[in-house]
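A.B. asks: Below is one structure. I have some questions about it.
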Amino acid sequence: QVCRVMEQNQNNWLHTNWILTEGAQRVFIELKFTLRDCNSLPGGVGTCKETFNIDGTGMTEEEDRAMKESRYIKIDTIAADESFTELDLGDRVMKLNTEVRDLGPLTRKGFYLAFQDLGACIALVSVRVFYKRCPFLVKSLAEFPGTIPGSEASQLVEVVGRCVNNSLPLYEPPRMHCSTEGEWLVPIGKCVCQTGFEEINGSCQVCKVGFYRSLLESLACSKCPPHSVARQTGATACSCEDGYYKIDSDPPNMACTRPPSAPRNAISNVNETSVFLEWSVPMETGGRKDVRYNILCRRVLPDGRGLEECGPNVRFLPRRIGVSNTSVMVADLQSHTNYSFLLEAVNGVSELAKDHAKQYVSLNVTTNQAAPSPVSVVRKDHTGKSSIAISWAEPDRPNGIILEYEIKYFEKEQDSSYTIIKSKETEMVVEGLKPSSVYIFQVRARTSAGYGAFSRRFEFQTSPYLKFPGVRTYIDPLTYEDPNQAVHEFTQEIDVSFISIERIIGAGEFGEVCSGPLRLPGKREIQVAIKTLKAGYTEQQRRDFLWEASIMGQFNHPNIIHLEGVVTKSESLSKNDGQFTVIQLVGMLRGIASGMRYLSDMGYVHRDLAARNILVNSNLVCKVSDFGLSRVLEDDPEAAYTTRGGKIPIRWTAPEAIAYRKFTSASDVWSYGIVMWEVMSYGERPYWEMSNQDVIKAVEESYRLPGPMDCPEALYHLMMDCWQRERSNRPKFDEIVCLLDKLIRNPSSLKKLVNSSHRYEFTQYIWNMIYFL
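Structural data, given as structure tokens:
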């Protein structure tokens with residue numbers, strides 16, 4: 001204490017000993033003191049103050065104490081909230097003041113404090129120097145050590161905890177933050193019991209026998225699912241009982257399963273050389289939902305010589321292995337032949353059950369005599385002004401001995417007046433024709449089972465004049481209505497396997513110009529230029545390309561470019577026009593719908609479903625491809641994907657997607673209807689040469705594409721359902737698959753063809769548009 005108020009120029013100091021920081025970067029100083037009111041002192045005092053100073057220094061302990069006062073730095077001036085007077089002294093009422101100050105940041109191991117009096121009457125009762133720290137803590141199975149706060153008042157020190165008691169971090173290590181007040185704040189992350197343990201009353205307890213815990217996210221041990229056991233404590237998974245299995249993708253809480261029993265109630269329906277097989281699901285599915293079916297087809301050899309597997313020419317619709325539904329169509333069998341079919345049910349664990357005897361159901365069938373398949377190609381050998389010589393190949397599937405061929409021909413646009421002649425050979429010279437006229441030819445074969453279907457139409461033209469020996473005259477290919485007829489008249493077809501494209505040497509009007517070797521059988525190899533037709537061509541571009549080839553093919557001069565031949569065979573549907581049965585086409589459409597059902601169930605919208613984006617293998621299995629525009633939808637049946645820009649395939653896109661750019665599974669159904677039309681028209685361009693704006697206008701005015709030629713009415717009705725203006729009225733993909741399955745099972749429902757009035761109405765609408773334009 002000090003009270004030298006009667007003296008002038010007071011400068012009194014009180015020093016502390018050396019104080020260690022113990023690692024603290026900020027300390028707190030608590031002062032308790034009394035101070036007398038200057039007004040209560042007698043007059044004539046020299047100096048009277050009602051404050052004093054607190055100072056600090058960072059000098060080391062070894063520095064000279066005589067120099068300390070000059071080295072101190074003022075921390076603060078301390079004033080009293082309560083002061084006492086002389087009367088208070090008489091009553092012995094001492095008014096004690098408490099003040100707290102903080103000091104930091106501290107960088108050395110220790111410091112000195114000093115208190116400076118410049119003329120006050122003061123008693124310093126106590127000085128307490130301390131720092132705050134966050135205490136040792138165990139929280140959520142994590143241990144956090146005692147932690148000293150940071151130097152700044154607002155600073156939080158992050159501390160990573162340590163998982164204890166058989167626990168592990170969940171996603172990330174646990175963390176907490178130590179505040180300057182010594183409090184733990186902002187917990188992040190946590191520890192959970194490791195697999196095989198569960199948390200009970202804040203500690204990890206081992207799972208009991210018969211229980212397991214395989215995921216850190218699960219809270220407690222679970223009882224082993226059916227047909228599995230855990231024979232020891234601390235199990236992370238349960239083992240399957242004998243005869244039961246699991247695959248890697250099965251969740252831990254799923255019961256162990258086993259292979260299914262054989263299919264039930266198998267029946268067959270023979271239609272000429274096709275067999276429709278149908279069955280019921282097995283009595284025992286093994287406890288799984290992923291049951292699939294495999295079909296083994298074997299032909300019974302004559303004279304009891306055993307069985308042999310069916311060859312690659314036999315087709316299974318939709319497939320032979322991994323059939324998800326309970327029916328399959330087997331086509332292209334031999335006529336009047338005995339077959340044995342084995343139907344096997346499998347599921348996800350069938351491959352694991354190697355000691356499990358396969359369960360089959362057997363069906364024996366005999367195919368009927370069938371009419372021959374259609375003649376695929378009719379060729380024109382030579383022409384005269386009144387005759388055309390044609391030839392053709394035997395049908396791919398004669399289904400018996402060919403007795404004769406029937407040739408039907410008529411002048412183009414005069415199909416109501418036709419002539420039929422017969423031949424036992426695969427060639428015929430048709431005479432009595434008009435010069436410079438186009439005739440349509442169709443050929444069909446007959447066996448003892450009857451006539452097969454007519455081939456598709458082939459157009460050939462008689463010569464417009466007499467040709468004199470040694471004289472060749474240029475003929476304008478535009479006189480031929482069909483460019484295919486002109487190109488086969490004046491050029492030679494080259495098999496694509498005879499050509500190798502090695503490099504690109506330029507670009508032409510229709511596509512790239514390449515070079516490479518031409519290897520014709522029996523001739524030496526020569527280098528040729530190869531002019532290609534670019535992908536995505538229009539019908540007009542194709543016609544112009546073929547007409548150019550027809551012009552070049554008529555020239556033969558050493559200074560004129562020589563056309564070696566053309567390659568017109570491609571992988572498009574149009575080359576197979578009329579070569580597929582309706583059942584085959586429906587099977588292809590069913591495959592596309594099944595793929596889209598899968599995408600729809602997965603929550604995806606394709607946005608670019610078109611025939612050009614369907615891949616077809618040699619077994620006519622269709623696969624949906626090109627997902628460049630596909631998008632995932634929310635888990636909401638009414639969800640829509642909305643796009644703000646980019647190109648839209650107008651001819652395949654639903655009206656609401658064009659107008660508002662809202663794409664849903666229902667807009668994919670609209671596109672599927674267009675794909676149906678493309679397939680049944682053998683690759684025709686939807687809306688033909690109409691502009692995109694004309695297509696939009698026609699659709700908005702409720703006009704729809706007419707039914708393709710020879711299209712079953714049931715399929716066209718499905719197309720029209722897909723093109724409903726109100727999207728909620730369109731069928732779902734699973735409904736489409738079910739309908740197509742019914743049509744495949746009942747082929748007679750496909751015999752009624754679409755009414756031609758639809759085609760007339762649409763044609764009339766197009767002519768009206770042209771008239772008004």
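Residues in the sequence shown are numbered consecutively from 1, following UniProt numbering. Every residue gets a Cβ at the ideal spot worked out from N, C-alpha and C, and that includes glycine.
#1: Give a yes or no on whether the C-beta atoms belonging to residue 23 and residue 148 are separated by under 9 Å.
#2: Report the start-end ranges of each alpha helix (DSSP H) in the UniProt domain "Eph LBD" (1 to 139) that is 4 residues or longer and not cut off at the edges.
#3: Nearest to residue 49 by alpha carbon, out of 345, 36, 437, 612?
#4: From the DSSP output, which residues share a beta bridge with residue 341?
#5: Going by DSSP in three states, residue 351 sits in which element: helix, strand or coil?
#6: Residue 545 by DSSP, collapsed to three states: which one?
#7: Please check the pair residue 191 and residue 170, which I expect to be a contact at CB under 8 Å, by giving their CB distance rounded to whole angstroms.
#8: Which one or two residues does DSSP pair with residue 204 in a beta bridge?
#9: For a quick check, are the C-beta atoms of residue 359 and residue 261 less than 9 Å apart?
#10: I need the straight-line Cα distance from residue 390 to residue 519, nearest angstrom please.
#11: Considering residue 215, what are the terminal residues of the alpha helix (DSSP H) in which it resides?
#12: Below 7 Å CB to CB, which residues in the same chain sit around residue 753 once its five sequence neighbours on both sides are set aside?
#13: Go ahead and pull the three-state DSSP assignment for residue 410.
#14: Just list the beta strand (DSSP E) runs in the UniProt domain "Fibronectin type-III" (371 to 465), keeping only unbroken ones of 3 residues or longer that don't cross its boundaries, in chain order.
#15: Counting pairs of Cβ atoms below 8 Å between the region 292 to 303 and the region 393 to 401, do you hit three or more?
#16: How many Å lie between residue 11 and residue 74 at the Cα?
#17: Take every Cβ of the region 280 to 297, pair it with every Cβ of the region 335 to 355, and state whether three or more of those distances are shorter than 8 Å.
#18: Quickly, what does DSSP pair residue 169 with across the bridge? List them, please.
#19: Taking buried to mean at least 16 other C-beta atoms within 10 Å of its own C-beta, is residue 399 buried or exposed?
#20: Cβ of residue 98 within 9 Å of Cβ of residue 39?
#21: If you drop the 5 nearest sequence neighbours on each side, which residues of the same chain put their C-beta closer than 8 Å to that of residue 239?
#22: Could you tell me which of 167, 194, 142, 744 sits nearest to residue 715, measuring between CA atoms?
#23: Between the region 379 to 387 and the region 411 to 426, are three or more C-beta pairs nearer than 8 Å?
#24: The beta strand (DSSP E) spanning residue 515 covers which residue range?
#25: The alpha helix (DSSP H) with residue 693 in it runs from where to where?
#26: Any contact between the region 172 to 186 and the region 197 to 209? By contact I mean 3 or more CB pairs, one from each, below 8 Å.
#27: Is it the case that the Cβ atoms of residue 386 and residue 435 are separated by a distance below 9 Å?
#28: Please look up how many angstroms separate the CB atoms of residue 76 and residue 114, rounded, as I've assumed it's under 8 Å.
#29: Measure the C-alpha to C-alpha separation of residue 537 and residue 545 and round it to an integer number of angstroms.
#30: Comparing C-alpha positions only, which one of 165, 142, 464, 219 sits nearest to residue 188?
#31: Assuming residue 150 contacts residue 134 (C-beta within less than 8 Å), just tell me the rounded distance between them.
#32: Would you kindly report the start and end of the unbroken alpha helix (DSSP H) that includes residue 667?
#33: Can you tell which of 257, 680, 567 has its C-alpha closest to the C-alpha of residue 587?
#34: Counting beta carbon pairs with one atom in the region 728 to 742 and one in the region 683 to 702, are three or more of them shorter than 8 Å?
#35: My output table needs one value for residue 748: the three-state DSSP class, helix, strand or coil.
#36: Nearest to residue 614 by CA position, among 671, 412, 415, 201, is which residue?
C.D. replies: Checking against the coordinates, here is how it stands:
#1: Within the sequence shown, numbered from 1, the residue matching residue 23 stands at position 23. Within the sequence shown, numbered from 1, the residue matching residue 148 stands at position 148. Residue 23 places its beta carbon less than 9 Å from that of residue 148.
#2: 68 to 71, 86 to 91
#3: As a working mapping, residue 49 is identified with position 49 in the sequence shown. Selected option, being the one with the closest Cα: 36.
#4: What you label residue 341 is simply residue 341 of the sequence shown in a count that begins at 1. Paired residue(s): 297, 363.
#5: Numbered from 1 along the sequence shown, position 351 holds the residue referred to as residue 351. Three-state DSSP puts residue 351 in coil, outside helix and strand.
#6: On the sequence shown, residue 545 is found 545 positions in, with the first residue counted as 1. DSSP places residue 545 in helix when its eight states are reduced to three.
#7: As a first step, residue 191 is located in the sequence shown; it is residue number 191 there, counting from the start. As a first step, residue 170 is located in the sequence shown; it is residue number 170 there, counting from the start. So it is a contact: roughly 7 Å between Cβ atoms.
#8: Mapped onto the sequence shown, residue 204 falls at position 204. BP columns for residue 204 point to 199.
#9: Taking the sequence shown and counting its residues from 1, one reaches residue 359 at position 359. Taking the sequence shown and counting its residues from 1, one reaches residue 261 at position 261. A contact, by the Cβ cut-off of 9 Å.
#10: The residue given as residue 390 occupies position 390 in the sequence shown. The residue given as residue 519 occupies position 519 in the sequence shown. Approximately 28 Å, taken between the alpha carbons.
#11: Position 215 of the sequence shown, counted from the first residue, corresponds to residue 215. Counting along the chain, residue 215 falls outside any alpha helix (DSSP H), and DSSP gives it neither H nor E.
#12: Numbered from 1 along the sequence shown, position 753 holds the residue referred to as residue 753. Excluding residues within five positions, the ones whose Cβ falls inside 7 Å are 710, 711, 712, 713.
#13: The sequence position of residue 410 within the sequence shown is 410, counting from 1. Residue state for residue 410 is assigned as strand, using DSSP reduced to three classes.
#14: For the UniProt domain "Fibronectin type-III" (371 to 465), whole beta strand (DSSP E) runs of length 3 or above, ordered along the chain, are 378 to 383, 388 to 392, 404 to 411, 419 to 423, 427 to 430, 438 to 447, 458 to 461.
#15: no
#16: Position 11 of the sequence shown, counting from 1, holds the residue named residue 11. Position 74 of the sequence shown, counting from 1, holds the residue named residue 74. Going by the C-alpha atoms only, they are around 14 Å apart.
#17: yes
#18: Position 169 of the sequence shown, counted from the start, is the residue given in the question as residue 169. Its beta-bridge partners are 191.
#19: The residue you call residue 399 lines up with position 399 of the sequence shown. Its Cβ being crowded by 16 or more others within 10 Å, residue 399 is buried.
#20: Stepping through the sequence shown from its first residue, residue 98 is reached at position 98. Stepping through the sequence shown from its first residue, residue 39 is reached at position 39. No, the pair does not count as a contact, with Cβ atoms beyond the cut-off.
#21: Here residue 239 refers to the residue found at position 239 when the sequence shown is read from its first residue. Cβ neighbours of residue 239 beyond the five flanking positions: 228, 229, 230, 231.
#22: As a first step, residue 715 must be located in the sequence shown, where it is residue number 715. Ranking the options by Cα distance to residue 715, first place goes to 744.
#23: no
#24: As a position in the sequence shown, residue 515 is number 515, starting the count at 1. Where residue 515 is concerned, the enclosing beta strand (DSSP E) stretches over 512 to 518.
#25: Numbered from its first residue, the sequence shown carries residue 693 at position 693. Unbroken alpha helix (DSSP H) run through residue 693: 692 to 700.
#26: no
#27: As a position in the sequence shown, residue 386 is number 386, starting the count at 1. As a position in the sequence shown, residue 435 is number 435, starting the count at 1. It is a contact, given that the beta carbons lie within the stated cut-off.
#28: Your numbering for residue 76 matches position 76 in the sequence shown. Your numbering for residue 114 matches position 114 in the sequence shown. The Cβ separation is near 13 Å, so there is no contact.
#29: The residue labelled residue 537 in the question sits at position 537 within the sequence shown. The residue labelled residue 545 in the question sits at position 545 within the sequence shown. Linking residue 537 to residue 545 through their CA atoms gives a straight-line distance of about 10 Å.
#30: Looking up residue 188 in the sequence shown gives position 188. Residue 142 is the option with its Cα nearest to residue 188.
#31: Here the question's residue 150 lines up with position 150 in the sequence shown. Here the question's residue 134 lines up with position 134 in the sequence shown. Residue 150 to residue 134, Cβ: 11 Å. No contact.
#32: Numbered from 1 along the sequence shown, position 667 holds the residue referred to as residue 667. Run containing residue 667: 665 to 680, per the alpha helix (DSSP H) assignment.
#33: Translated into positions along the sequence shown, residue 587 becomes position 587. Among 257, 680, 567, the Cα nearest to that of residue 587 is on 680.
#34: no
#35: Taking the sequence shown and counting its residues from 1, the one referred to as residue 748 is at position 748. The three-state secondary structure of residue 748, taken from DSSP, is helix.
#36: The residue you call residue 614 lines up with position 614 of the sequence shown. Residue 671 is the option with its Cα nearest to residue 614.
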